[in-house]
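Comments concern the structure below.
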Amino acid sequence: MAMSDDVRPAGVAGALAARGFGPADYGCLILLAALWGGSFMLIKTALPTMGPFTIVVSRLALGAAALYAVLKLRGLRLPARAVDWLPFVVFGAIGNLAPFTLIAWGQQHVPSAVAAILMAAMPLFTLVLARVAKPAENPITAGRVAGIALGFSGVVVLVGPSALTEAGGGIGELAILGAALCYAVASLYAERVRHVPPLVSATATLTSGAVLALPVAAILEQPWTQAPALEAMAAVTLLGIACTGLAYLLFYRLMARGGAVLVALNNYLIPAFGVMWGILLLGEQPSLNAFLALGLIMLAITVANRRRR
Numbered sequence: 001m002a003m004s005d006d007v008r009p010a011g012v013a014g015a016l017a018a019r020g021f022g023p024a025d026y027g028c029l030i031l032l033a034a035l036w037g038g039s040f041m042l043i044k045t046a047l048p049t050m051g052p053f054t055i056v057v058s059r060l061a062l063g064a065a066a067l068y069a070v071l072k073l074r075g076l077r078l079p080a081r082a083v084d085w086l087p088f089v090v091f092g093a094i095g096n097l098a099p100f101t102l103i104a105w106g107q108q109h110v111p112s113a114v115a116a117i118l119m120a121a122m123p124l125f126t127l128v129l130a131r132v133a134k135p136a137e138n139p140i141t142a143g144r145v146a147g148i149a150l151g152f153s154g155v156v157v158l159v160g161p162s163a164l165t166e167a168g169g170g171i172g173e174l175a176i177l178g179a180a181l182c183y184a185v186a187s188l189y190a191e192r193v194r195h196v197p198p199l200v201s202a203t204a205t206l207t208s209g210a211v212l213a214l215p216v217a218a219i220l221e222q223p224w225t226q227a228p229a230l231e232a233m234a235a236v237t238l239l240g241i242a243c244t245g246l247a248y249l250l251f252y253r254l255m256a257r258g259g260a261v262l263v264a265l266n267n268y269l270i271p272a273f274g275v276m277w278g279i280l281l282l283g284e285q286p287s288l289n290a291f292l293a294l295g296l297i298m299l300a301i302t303v304a305n306r307r308r309r
């Protein structure tokens with residue numbers, strides 16, 4: 001998700017303190033970033049013996065099941081009428097099925113650390129789309145133009161000229177960027193379901209995504225014919241229950257506490273955790289270009305969302 005226009009990273013700590021954001025909240029914030037950042041590493045672990053579509057449907061189904069259990073414990077219900085499911089089906093397709101699939105497919109070609117860095121471009125996509133969708137509420141500013149230019153520079157540094165000059169070059173990176181674009185579109189579409197309790201919304205969207213993903217995986221990969229390794233099954237289980245189900249619970253809890261300020265800070269932490277998990281657990285060695293790109297994209301987010309004085 002993108003940062004609010006009135007939130008500067010330099011003022012995040014003060015804004016959170018003003019909202020009564022305590023040590024437990026910071027602990028949840030770090031855990032959330034670690035979970036979402038760790039999803040890239042878990043996908044990479046599962047890919048050698050599981051197809052990307054199988055990973056996606058498993059992730060969505062496990063995440064939906066975990067959230068549904070919490071939903072029942074809290075005495076809440078999913079929508080009863082078919083017409084009420086339509087926005088969740090659309091949101092599940094745009095915000096879950098499409099990006100999860102693009103990430104899993106793209107990570108067949110790129111390291112998990114690179115995927116995490118590319119996903120950091122999502123807030124910049126959101127700025128552009130918000131300008132197109134609601135121009136009156138999102139005026140063009142020098143900061144936004146500079147931020148988008150810096151972010152694009154970071155992507156070019158990371159992807160390299162092969163994406164433009166070689167047949168099939170950079171296709172994995174482009175898939176990850178496509179996922180970031182999907183998340184940006186979904187963040188704007190989310191306004192349509194804000195009247196629904198967050199837990200109900202999250203459960204309904206994950207359930208919709210799982211139902212949509214099932215026939216795709218069945219037709220393209222026949223999951224029942226695969227023989228996933230034990231580590232792949234463990235990775236997907238963690239991916240679904242922890243990095244999807246639990247992560248959504250943490251996110252909505254923190255949104256209620258920190259609002260847009262939380263979103264601002266979380267955008268910085270996720271790529272850093274993604275790179276760290278790739279290095280520590282997968283032995284990846286990101287190139288100098290990868291770290292340069294990460295710095296450029298983080299700077300871009302800062303510049304694009306700096307308040308005008």
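Numbering of the sequence shown is given in UniProt numbering, commencing with residue 1 and proceeding in unit increments.
Glycine included, every Cβ here is placed at the ideal spot set by N, Cα and C.
Same chain, Cβ closer than 7 Å to Ile171, five either side skipped, listed in chain order
His109
Would you mind working out which of Pro52, Gly154, Met119 sits nearest Leu97, comparing C-alpha positions?
Pro52
Just the Cα atoms here: how many angstroms apart are Ser187 and Phe152?
20 Å
On the DSSP letters alone, give me the boundaries of the alpha helix (DSSP H) that Glu231 sits inside.
230-240
In or out: Lys44 buried (at least 16 other Cβ within 10 Å) or exposed?
buried
Once the 5 residues before and after Val159 are set aside, which same chain residues still bring their CB inside 6 Å of it?
Gly170, Glu173
Would Pro99 and Tyr189 qualify as a contact pair, given that the criterion is a beta-carbon distance under 7 Å?
no
Can you give the Cα-Cα distance for Met1 and Ala180, rounded to whole angstroms?
Here the model assigns Met1 a pLDDT of 42, short of 50, so the residue's position is not dependable, and the following value carries that caveat. Whole-angstrom Cα-Cα distance: 9 Å.
Continuous alpha helix (DSSP H) stretch holding Cys28: start and end
23-46
Got a sec? Which residues, its chain only, sit under 7 Å from Asn289 by beta carbon, not counting five neighbours each side?
Val157, Leu158
Applying the criterion that 16 or more other CB atoms from any shown protein chain within 10 Å of the CB defines a buried residue, is Gly245 buried or exposed?
buried
Cut-off 7 Å between Cβ atoms - residues of its own chain near Ala235, not counting five sequence neighbours on either side:
Correct list, in chain order: Leu42, Thr45, Ala46.
Would you be able to state if there are at least three C-beta pairs under 8 Å between the segment 203-221 and the segment 55-74?
Yes, since at least three Cβ pairs between the segment 55-74 and the segment 203-221 fall closer than 8 Å, the two stretches touch.
Are the CB atoms of Val185 and Ile94 within a distance shorter than 7 Å?
Contact: yes.
List the endpoints of the continuous alpha helix (DSSP H) containing residue 310.
Shown here, the chain extends from 1 to 309; a query on residue 310 therefore has no answer.
Would you give the residue range spanned by the alpha helix (DSSP H) that Ile176 belongs to?
Per DSSP, the continuous alpha helix (DSSP H) segment holding Ile176 begins and ends at 171-189.
Buried/exposed call for Leu76, threshold 16 Cβ in 10 Å
exposed
Give me the Cα-Cα distance between Ile301 and Pro123, rounded to the nearest whole angstrom.
7 Å
Closest to Val211 by CA distance: which of Ile30, Leu62, Ala24, Leu31 is it?
Leu62
Using DSSP with H/G/I as helix, E/B as strand and the rest coil, what is Ser58?
helix
Between the C-alpha atoms of Ile30 and Thr49, what's the straight-line distance to the nearest angstrom?
Rounded to whole angstroms, Ile30 to Thr49 spans 30 Å at the Cα level.
Pairs of beta-carbons, one from the segment 265-273 and one from the segment 24-39, closer than 8 Å: are there three or more?
yes
Option in Leu150, Gly92, Leu118 with minimal Cα separation from Ile103
Leu118
Element boundaries [alpha helix (DSSP H), containing Leu127]
122-133
Beta-carbon within less than 6 Å of Leu78's beta-carbon, same chain only, minus the 5 sequence neighbours each way: which residues are those?
For Leu78, same chain residues with a beta-carbon under 6 Å away, outside a window of 5 residues either side, are Ala204 in chain order.
Taking the alpha helix (DSSP H) that residue 318 belongs to, which residues open and close that run?
Residue numbering for the chain in the displayed model covers 1 to 309; residue 318 lies beyond these limits and cannot be assessed.
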